[in-house]
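When we follow numbering that gives the first Met the number 0, the leftmost residue of the sequence shown carries the number 0, and every step to the right adds one.
Backbone N, C-alpha and C define an ideal beta-carbon position, used for all residues, glycine too.
Keep in mind it's a predicted model, so treat the numbers as computed, not measured.
For reference, the structure discussed in these notes is given below.
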Amino acid sequence: MLHYNAPITDMKFILEDVLDIYSHYEKYSDYEEVNPELVDMILTECGKFCEAELAPINQSGDKEGCTWKDGKVTTPTGFKEAYQKYIEGGWQGIAHPVEFEGQGLPPSIGIIRTEMVGTANWSWSMYPGLSLGAMDTIIEHGCETLKNTYLTKLTQGVWNGTMCLTEPQCGSDLGLIKTRAIPMDDGSYEVTGSKMFISAGEHDLVENIIHIVLARLPDAPKGTRGISLFVVPKILVNEDSSLGDANSMSCSSIEDKMGIKASSTAVLNFDNAKGYLIGELNKGLAYMFTYMNTARIGIAIQGVCSSELAYQQSLPYAKERLSMRSLSGKKFPDNEADPIIVHPDVRKMLLTQKAISEGGRAMVYYAGKLKDELIQSNNEQDKMKIDDKLGFLTPILKGFLTELGVESANRGMQVFGGHGYIKEWGLEQIVRDSRISTLYEGTTGIQGLDLLGRKILLEKGKTLRDFTKEVLGFCKSHSLISGNKHKYKMNKFIWPLTKAVLNWQRYSLIIAFKARKNRDVIGLASVDYLMYSGYITMAYFWAMMAQKANEKLAMNPENIDFYKAKIQTAEFYFEQMLPRIKGLEKTMMVDPKSLMQMTSEQF
Ligand SMILES: Cc1cc2nc3c(=O)[nH]c(=O)nc-3n(C[C@H](O)[C@H](O)[C@H](O)COP(=O)(O)OP(=O)(O)OC[C@H]3O[C@@H](n4cnc5c(N)ncnc54)[C@H](O)[C@@H]3O)c2cc1C
């Protein structure tokens with residue numbers, strides 16, 4: 000069976016030591032009560048819930064899948080009961096406003112909940128997970144009536160929300176959306192059209208589903224400038240907040256998919272369904288970015304989840320499975336053969352998984368800390384700066400961490416040899432479940448274009464300059480000239496990181512220069528550039544973790560092995576993974592000619 004143990008020691012190391020999270024919480028009066036005891040309690044209780052309730056129904060959920068009958072979707076056995084316990088525990092609204100019956104804790108805590116729930120059972124986590132973006136969108140852009148009608152039930156988890164963007168003819172290019180919204184005399188709209196691939200679009204966990212739908216008015220401008228955003232409930236809500244009639248919409252089918260089989264992926268048909276405008280007309284896509292940014296960070300976490308879950312299965316297997324002898328002599332002479340963990344190639348796979356899981360975790364928790372700052376900041380200029388930084392990091396987190404999550408899942412399967420291909424062990428499920436993460440919420444290609452086209456070139460490299468300044472500042476304060484106590488120990492990280500960051504700046508400038516003459520340069524470079532940026536960003540977090548682990552070791556802590564393993568994993572990352580940027584540097588800088596010269600017919 001797929002097992003899960005919440006990696007609480009690592010989570011606390013990142014929060015407390017790397018991110019200095021309690022000094023950060025102290026800055027904000029809203030987070031006055033967030034102290035180590037409270038956070039420890041949340042981590043422990045959430046971990047217990049995920050280990051006991053969600054992990055045991057992960058494989059059974061995959062096997063059983065969702066079923067569709069007469070427009071209704073039934074989730075696999077145990078999903079409903081686990082969901083009930085989840086909402087009774089108040090987990091859904093943990094980081095949402097008290098005003099709407101949330102617990103008002105910082106988003107950085109919400110992200111940890113999302114990670115634990117998602118690692119234990121990604122398919123199950125999509126039902127409450129999609130709802131988070133709906134809540135954020137209504138909080139940020141909805142009028143008071145929308146907030147009062149929907150937020151409390153969503154925060155409690157009694158209702159769920161969905162994100163309805165995709166239509167049969169369009170996914171990446173939302174300018175092609177055809178769903179129509181006709182204004183009614185009472186201020187509502189009649190929404191008509193077909194949406195496909197809607198996660199949690201129909202299911203039996205909650206009594207109402209609140210769809211957040213992109214549609215256009217008949218006279219709206221063409222393309223993305225003519226898209227508006229609507230709340231379309233599955234069941235209409237009366238003025239006294241009770242449930243009314245069913246809205247005019249249906250679920251005509253669910254998809255038969257490669258993975259995440261326990262997550263319902265619905266085709267929804269809206270047929271003059273009653274909808275309510277969010278914000279202003281024709282600004283829907285901008286509002287939807289609130290949803291998409293929440294969801295993109297959520298999917299970046301899926302990269303960490305896939306990696307962690309695969310690692311947690313493959314590590315004990317590698318310690319038990321016997322095969323041949325270590326090349327450097329018997330390591331376990333009393334055994335008939337050595338366990339496969341002695342072999343360098345197996346170690347490389349395991350360390351790659353560990354580096355991805357822990358490095359990715361640090362990256363997404365850092366994003367969580369930024370989200371806290373964004374919500375709490377009262378100064379418009381500061382807010383813009385934080386928003387820009389989060390905007391810059393989001394495609395890197397989403398694109399890079401999901402690609403690495405898939406890699407880690409595959410490596411986990413490889414550690415199992417042929418047994419990894421057999422369902423019983425669950426590794427093939429992790430591989431199948433992880434594969435969607437690079438596709439939905441904007442493919443890696445779209446993340447690459449967002450990063451290079453919008454966040455770097457359109458903003459003239461400003462956010463890159465700000466972020467690299469921070470990394471170089473870290474390098475400076477831990478370099479040989481810094482006078483820092485651990486400078487010699489840090490030298491092996493600081494020098495390659497500094498060099499990589501300076502090259503990152505330099506190559507970005509060259510690409511910008513070349514793109515002035517030929518726009519295909521952007522398309523050619525974008526995915527490689529995204530991965531390149533990801534490896535350097537992750538190196539920053541590994542260097543920070545190594546530095547904190549060195550500091551801890553100097554204090555003679557109890558769990559010495561944990562800190563030693565941190566430094567050793569950082570060394571592995573810098574020696575075995577960061578050098579991947581060398582290949583990417585080459586491929587992202589070549590002339591697009593060899594890519595573009597072939598005509599469609601010549602392919
Ligand atoms: C299981 C599942 C769950 C989903 N959940 C939801 C959901 O809840 N809500 C929702 O609205 N949608 C959802 N989706 C849809 C998903 O977000 C889209 O499938 C995804 O955004 C890609 O769109 P597409 O499938 O239309 O691919 P396309 O846009 O047709 O892209 C096909 C290929 O072309 C590339 N491409 C496209 N345009 C460009 C370009 N300009 N430059 C370079 N390359 C380009 C893409 O990277 C991709 O490789 C889900 C999909 C699946 C499979």
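Tell me which residues share the same chain as residue i and place their Cβ nearer than 8 Å to its Cβ, disregarding the 5 neighbours each side in the sequence.
i      : result
GLU584 : ASN502, TYR506 and TYR531
ALA366 : ILE110, ILE296, ALA299, LEU389, LEU392, THR393 and LEU396
LEU529 : PRO394, ILE395, GLY398, PHE399, THR443, GLN446, GLY447, LEU450 and LEU451
THR165 : LYS194, MET195, PHE196 and ILE197
ILE509 : MET588
LYS368 : LEU18, ILE20, HIS23 and SER107
ASN334 : LEU321
Decide if residue i is buried, meaning its Cβ has at least 16 other Cβ atoms within 10 Å, or exposed.
i      : result
ALA299 : buried
LEU479 : exposed
PRO75  : buried
PHE602 : exposed
GLU402 : buried
GLN546 : buried
MET489 : buried
ARG579 : exposed
GLU600 : exposed
ILE13  : buried
SER327 : exposed
PHE331 : exposed
MET0   : exposed
ASN4   : exposed
Sort the options by Cα distance to residue i and report the nearest one.
i      : options                           : result
ALA336 : ASP61, VAL345, GLU469 and SER322  : SER322
ASN120 : TYR188, ASP333 and CYS49          : CYS49
GLY159 : ASN549, VAL230 and MET195         : Checking the displayed sequence, the identity of residue 159 turns out to be Asn instead of Gly. Checking every option, the nearest Cα to that of ASN159 belongs to VAL230.
GLN596 : ASP519, GLY533 and THR462         : ASP519
HIS140 : LEU276, VAL363 and VAL526         : LEU276
GLU15  : ARG515, VAL33 and ASP29           : VAL33
ILE86  : LEU42, VAL157, PRO55 and HIS342   : VAL157
GLU606 : PHE288, HIS477 and LEU350         : What the structure shows of the chain is the stretch from 0 to 602, and residue 606 is not part of that stretch, so it cannot be assessed.
GLY225 : ASP333, HIS342, ALA285 and LYS461 : ALA285
GLU114 : LEU53, TYR487, SER59 and ILE137   : LEU53
PHE415 : SER263, ILE181, PRO556 and GLU319 : GLU319
GLU440 : GLY170, PRO232, TYR539 and VAL470 : GLY170
ASP203 : TYR82, LYS146 and ALA180          : TYR82
LYS146 : ILE209, ARG112, ILE339 and SER124 : ILE209
THR260 : ASP218, LEU552 and GLN428         : Before going further, note that residue 260 is Lys rather than Thr in the sequence given. That would be GLN428, whose Cα lies nearest to the Cα of LYS260.
SER247 : ASP218, LYS282, THR264 and THR191 : THR191
SER433 : GLY472, GLU557, VAL341 and CYS304 : CYS304
TRP494 : HIS477, ALA133 and ARG324         : HIS477
THR154 : PRO182, TRP90 and TYR188          : TRP90
Report all residues from its chain with a CB closer than 7 Å to the CB of residue i; omit the five preceding and five following residues, and keep chain order.
i      : result
GLN352 : SER306, ALA309, TYR310, SER313, SER407, ARG410 and GLY411
GLU550 : HIS485
LEU280 : LEU216 and SER227
HIS603 : Nothing can be reported for residue 603, as the shown portion of the chain is limited to 0 through 602.
TYR364 : ILE13, LEU14, LEU18, SER107 and ILE110
Could you check where the beta strand (DSSP E) with residue i kicks off and where it finishes?
i      : result
TYR30  : Looking at the DSSP string, TYR30 is not in any beta strand (DSSP E), and its letter there is neither H nor E.
HIS210 : 207–214
MET162 : 158–163
GLY192 : 188–198
LYS68  : 66–68
SER610 : Absent from the structure is residue 610, since the part of the chain shown begins at 0 and ends at 602.
PHE269 : 264–277
ASP244 : 242–245
Please return the same chain residues whose Cβ sits closer than 6 Å to the Cβ of residue i, not counting the five positions on each side in sequence.
i      : result
ILE108 : ALA94
TYR572 : ALA354 and TRP541
LEU456 : ALA511
MET537 : GLY358
LYS152 : TRP158
VAL236 : THR148
Residue i lies in the alpha helix (DSSP H); which residues open and close that run?
i      : result
VAL72  : Here VAL72 belongs to no alpha helix (DSSP H); instead the beta strand (DSSP E) covers 71–73.
PHE288 : 283–319
ILE385 : 379–394
LEU131 : 121–140
PRO343 : 343–375
Is the beta carbon of residue i within less than 7 Å of some heavy atom of ligand 3?
i      : result
THR178 : Ligand 3 is not part of the structure shown, which contains ligand 1 as its ligands.
**OP:** Would you check if there are 3 or more beta carbon pairs closer than 8 Å linking the stretch 236–243 to the stretch 175–186?
**Re:** no
Subject >> Segment contact, 8 Å Cβ cut-off, at least three pairs: the stretch 26–46 with the stretch 94–105 >> reply: yes
**OP:** Assess, as a yes-or-no matter, whether the stretch 36–45 is touched by the stretch 379–388 under the definition of 3 or more beta carbon pairs within less than 8 Å.
**Re:** no
Original post:
With a cut-off of 8 Å, do at least 3 Cβ pairs link the stretch 245–257 to the stretch 62–70?
Top reply: yes
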